[in-house]
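Last residue of the sequence shown? That's 461 in our numbering, and every number before it is there in order. Every residue gets a Cβ at the ideal spot worked out from N, C-alpha and C, and that includes glycine. Working notes, structure below.
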Amino acid sequence: MLLRHTTDKIIERKALTVNPAKTCQPVGAMYAALGVHGCLPHSHGSQGCCSYHRSALTRHYKEPVMAATSSFTEGSSVFGGQANLLQGLDNIYKIYEPDIVAVHSTCLSETIGDDLGQIAAKARTDGQVPEGKHVVVASTPSYVGSHVTGYANMVEAFVKYFANKTDRLIKQVNVISGWVEPADMRELKRIMGLMKIKSVLLPDTSDVLDTPMTGKFEMYPKGGTTIPEMVSMGDSLHTIALGEECTTLAAKALDNKCKVAYTSEDLPIGLKATDRFINTLSKIGGVSVPDSITDERGRLVDTITDMHQYFYGKRVALFGDPDQLIPLTEFLLDMDMKPVYIVSGTPGKVFEKKMSAMLAERLPEAKFKNGPNADMFLLHQWIKQEGVDLIIGNTYGKYIARDEKIPFVRYGFPIIDRVGHSYFTSLGYVGGLRLVEKMLSAMMDHQDATCSEVKFELVM
Ligand code: SF4
Numbered sequence: 002m003l004l005r006h007t008t009d010k011i012i013e014r015k016a017l018t019v020n021p022a023k024t025c026q027p028v029g030a031m032y033a034a035l036g037v038h039g040c041l042p043h044s045h046g047s048q049g050c051c052s053y054h055r056s057a058l059t060r061h062y063k064e065p066v067m068a069a070t071s072s073f074t075e076g077s078s079v080f081g082g083q084a085n086l087l088q089g090l091d092n093i094y095k096i097y098e099p100d101i102v103a104v105h106s107t108c109l110s111e112t113i114g115d116d117l118g119q120i121a122a123k124a125r126t127d128g129q130v131p132e133g134k135h136v137v138v139a140s141t142p143s144y145v146g147s148h149v150t151g152y153a154n155m156v157e158a159f160v161k162y163f164a165n166k167t168d169r170l171i172k173q174v175n176v177i178s179g180w181v182e183p184a185d186m187r188e189l190k191r192i193m194g195l196m197k198i199k200s201v202l203l204p205d206t207s208d209v210l211d212t213p214m215t216g217k218f219e220m221y222p223k224g225g226t227t228i229p230e231m232v233s234m235g236d237s238l239h240t241i242a243l244g245e246e247c248t249t250l251a252a253k254a255l256d257n258k259c260k261v262a263y264t265s266e267d268l269p270i271g272l273k274a275t276d277r278f279i280n281t282l283s284k285i286g287g288v289s290v291p292d293s294i295t296d297e298r299g300r301l302v303d304t305i306t307d308m309h310q311y312f313y314g315k316r317v318a319l320f321g322d323p324d325q326l327i328p329l330t331e332f333l334l335d336m337d338m339k340p341v342y343i344v345s346g347t348p349g350k351v352f353e354k355k356m357s358a359m360l361a362e363r364l365p366e367a368k369f370k371n372g373p374n375a376d377m378f379l380l381h382q383w384i385k386q387e388g389v390d391l392i393i394g395n396t397y398g399k400y401i402a403r404d405e406k407i408p409f410v411r412y413g414f415p416i417i418d419r420v421g422h423s424y425f426t427s428l429g430y431v432g433g434l435r436l437v438e439k440m441l442s443a444m445m446d447h448q449d450a451t452c453s454e455v456k457f458e459l460v461m
C-alpha cells in the first residue's frame, strides 16, 4: 500500500505533476551521444545534473556511462559557464582524447542564457579543440519537453554538424532511430542485412551499452555510428526516420541541408508497424523481402493466434514514450486487447493527434493524456475507477501494480529493478514474439499465484 493516498476522485490540476511519466531532456541527449563512436557526452551545468543523467542511464543499461560536466559553481551560476566549458574542453581533449565532445545544456545554463554555439566557436578559435576533433552542441533545457526531446535535439545536432553533400550518390539508406535498446538497434541492422540493404544507422548504441565482458575497460567501445558514416548520410538515397518524436527534427535537418528526402515510420513494434517498415525498406532499397523474414512474420502470426483466447478483451494500462506507445497501442488493438488508459509525460501535438485519432476510431472508451499533467498519479486514479488486467511501462509502474495486484510487464525507459532487458529486442517480428510472450506470462503467472485451488490448472 505504498500509494495508499491515491483516490479515484480526479481534481483538475493546472501546475502540479505527481510522479511524472518522463525524465529530463539531457538524459536523452546523453543517450543519443553515446550512440556515436568516439564521442564523450558533456553536460553544461552542475555536477549534480550530470551525476543524475549518468546514473539514470547506468541503472537502466547496467554499463558504466562516461560523461563530462562543466561543474558549475556559484560563480558560474551567476556569471555564466563559458570559462568552465572552455577549460573543460581543454582538459577533456588532453586527458580523455575523444573524437567528438557532444555538449548539451541543462536547466541552469539555459536559464543564465549561455550560448553553446558561441562558446564552441570560441573554443575552436582559441585552439581548445585540437585539429581533427569536433564539438557538437545541442540546447536541451529540461523545463520543456522530456528525455525524448533531448534525444531528438542531439540527433539533429549530429546531422547538422556532420552530414555533407557531395556530387556522388551512395546507394545506401539512412536510418535514424528513435530511442530504443541497444539490442533493438542491432535488430534493425540484422533486418537490413537480411534484406541486403546498405545502411547507416544513427545513433547506434549496440556494442556501446551492451558490450561483452573482456576484462578490459574501453573508454570508447567499438560500437556507435562513425564520423565517416555520419558525413556520408548527405549522399544517401533516402532517410527512414523511425519514431516521429525522436527523429523528425534530424530527418528534416538532413533534407534541408543535403536534400535527402525522408519517410517517417513508426518504430517497428508489433505486426503492422513492422510490416510497414519492411515494405518501406523493400521499396526504397529496391529489394524483395527474403523468405527468412516472411518466416519470422509467420511465426509471430502463429503465436498471436495461439494466444488470442487469453488476450481477447483484456484491459491494459500503458505509459511511456510516444514513439513506443503509438505502435504498441496499435499492436494491442490488433490482438483484440483494450488499451483503455494511456499516459505519456512527453508533450507533442503530432503524438496527441495520432493517438487520439487511432483511439477514436478503434476504442472510443479509452482515456489518453500526454504532457506535464499526464503522470503516474492520473494513471493510477483511472485504474482505481475501473481496473485493468495488465500494466505495461517502465519500473515506476511497479508501485501501482503491487498496490492494485495487477500483472505488470516492464517495458520502456527506465527499467532499474531488473537486469537483461537491453539484450533482447522488442522490434520487428522477433521482438513482437518476445513482447507477447512477456505479456502472456505475466498474466498467467498472476493467475497461478492468485486463483483458488480448484481453478489451479497444470495445462492452461
Ligand atoms: S536541473 Fe534540469 S537538467 Fe539538471 S537534472 Fe534537474 S531537470 Fe535535469
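#1: In the DSSP assignment, the beta strand (DSSP E) including Q173 goes from what residue to what residue?
#2: Between the Cα of P222 and the Cα atoms of V37, T24, G421, which residue gives the shortest distance?
#3: P328 by DSSP, collapsed to three states: which one?
#4: For the alpha helix (DSSP H) that contains I305, what are its first and last residues?
#5: Whole angstroms are fine: how far does the CA of Y152 sit from the CA of Q26?
#6: Pairs of beta-carbons, one from the segment 221-236 and one from the segment 275-283, closer than 8 Å: are there three or more?
#7: Would the beta-carbon of L391 fall within 8 Å of that of P408?
#8: Is P291 closer than 8 Å to Y196 when the C-beta atoms are compared?
#9: Please report how far the alpha carbon of K190 lies from the alpha carbon of Y424, in whole angstroms.
#10: Can you list, in chain order, every residue whose CB sits closer than 6 Å to a heavy atom of the ligand SF4?
#11: Starting from R1 and walking both ways along the beta strand (DSSP E), at which residues does that stretch end?
#12: Can you say whether I384 is buried or exposed, counting buried as having 16 or more other CB atoms within 10 angstroms of its CB?
#13: Among I113, H6, N165, G271, which residue has its Cα nearest to the Cα of L436?
#14: Starting from the C-beta of E353, find all residues in its chain whose C-beta is less than 6 Å away, skip the five residues before and the five after it, and write them out in chain order.
#15: When the Cα atoms are used, what is the spatial distance from G81 to I113?
#16: Cutting at 6 Å between CB atoms, please list the residues of its own chain near I192, excluding the five before and the five after it.
#17: To the nearest angstrom, how far is it from the Cα of M323 to the Cα of M461?
#18: Between L238 and A164, which are expected to be in contact by the criterion C-beta below 8 Å, what is the C-beta distance as a whole number of angstroms?
#19: Would you list the residues sitting across from A318 in a DSSP beta bridge?
#20: If we ignore side chains and look at the alpha-carbon of each, how far apart do L90 and S56 end up?
#21: Would you check if the distance between the CB atom of G235 and the CB atom of V201 is smaller than 8 Å?
#22: Short check: CB of W180 to CB of V149, under 8 Å?
#23: Considering only residues of the same chain and omitting the five flanking positions on each side of E103, which have a CB-CB separation below 6 Å?
#24: Are the beta-carbon atoms of K134 and Y94 separated by less than 8 Å?
Reading from the atomic positions:
#1: The count along the sequence shown starts at 1 and reaches residue 173 at position 172. Per DSSP, Q173 belongs to the beta strand (DSSP E) from 171-178.
#2: Numbered from its first residue, the sequence shown carries residue 222 at position 221. Closest by alpha carbon: V37.
#3: On the sequence shown, residue 328 is found 327 positions in, with the first residue counted as 1. Correct three-state label for P328: helix.
#4: Mapped onto the sequence shown, residue 305 falls at position 304. DSSP places I305 in the uninterrupted alpha helix (DSSP H) bounded by 292-312.
#5: As a first step, residue 26 is located in the sequence shown; it is residue number 25 there, counting from the start. As a first step, residue 152 is located in the sequence shown; it is residue number 151 there, counting from the start. Cα-Cα distance, rounded: 7 Å.
#6: No contact exists between the segment 221-236 and the segment 275-283.
#7: As a position in the sequence shown, residue 391 is number 390, starting the count at 1. As a position in the sequence shown, residue 408 is number 407, starting the count at 1. Contact: yes.
#8: Along the sequence shown, read from residue 1 onward, the residue named residue 196 stands at position 195. Along the sequence shown, read from residue 1 onward, the residue named residue 291 stands at position 290. It is worth fixing the name first, because residue 196 is Met in this sequence and not Tyr. Their beta carbons are under 8 Å apart, which means M196 touches P291 by this criterion.
#9: The sequence position of residue 190 within the sequence shown is 189, counting from 1. The sequence position of residue 424 within the sequence shown is 423, counting from 1. Straight through space, the alpha carbons of Y424 and K190 are spaced by roughly 15 Å.
#10: Working through the chain, the matches are C25, P27, G46, C50, Y53, T107, C108, S143.
#11: What the structure shows of the chain is the stretch from 2 to 461, and residue 1 is not part of that stretch, so it cannot be assessed.
#12: Taking the sequence shown and counting its residues from 1, the one referred to as residue 384 is at position 383. I384 should be labelled buried.
#13: Taking the sequence shown and counting its residues from 1, the one referred to as residue 436 is at position 435. It is G271 whose Cα lies nearest to the Cα of L436.
#14: Working through the sequence shown from its first residue, we reach residue 353 at position 352. Hits under 6 Å: N371.
#15: To locate residue 81, count along the sequence shown from 1; it is residue 80. To locate residue 113, count along the sequence shown from 1; it is residue 112. Our two residues, G81 and I113, have alpha carbons roughly 6 Å apart in a direct line.
#16: As a first step, residue 192 is located in the sequence shown; it is residue number 191 there, counting from the start. Excluding residues within five positions, the ones whose Cβ falls inside 6 Å are G429.
#17: Taking the first residue of the sequence shown as 1, we reach residue 323 at position 322. Taking the first residue of the sequence shown as 1, we reach residue 461 at position 460. Per the sequence presented here, residue 323 reads as Pro, with Met not at that position. Rounded to whole angstroms, P323 to M461 spans 34 Å at the Cα level.
#18: Taking the sequence shown and counting its residues from 1, one reaches residue 238 at position 237. Taking the sequence shown and counting its residues from 1, one reaches residue 164 at position 163. No, L238 and A164 are not in contact; Cβ-Cβ is about 14 Å, not under 8 Å.
#19: Reading the sequence shown from its first residue, position 317 is the one you call residue 318. A318 pairs with Y342, I392.
#20: Within the sequence shown, residue 90 is the residue found at index 89, counting from 1. Within the sequence shown, residue 56 is the residue found at index 55, counting from 1. Looking at the two C-alpha atoms, the distance is approximately 22 Å.
#21: In the sequence shown, the residue the question calls residue 235 occupies position 234. In the sequence shown, the residue the question calls residue 201 occupies position 200. No; because the gap between Cβ atoms is not below 8 Å, this pair is not in contact.
#22: Your numbering for residue 180 matches position 179 in the sequence shown. Your numbering for residue 149 matches position 148 in the sequence shown. Going by C-beta atoms, W180 is nearer than 8 Å to V149.
#23: Here residue 103 corresponds to residue number 102 of the sequence shown, with the count starting at 1. The sequence given here has Ala at residue 103, not Glu. The residues A34, C40, P42, V137, in chain order, have a CB closer than 6 Å to that of A103 in the same chain once the five nearest residues on each side in sequence are set aside.
#24: Against the sequence shown, residue 134 aligns to sequence position 133. Against the sequence shown, residue 94 aligns to sequence position 93. Yes; because the gap between Cβ atoms is below 8 Å, this pair is in contact.
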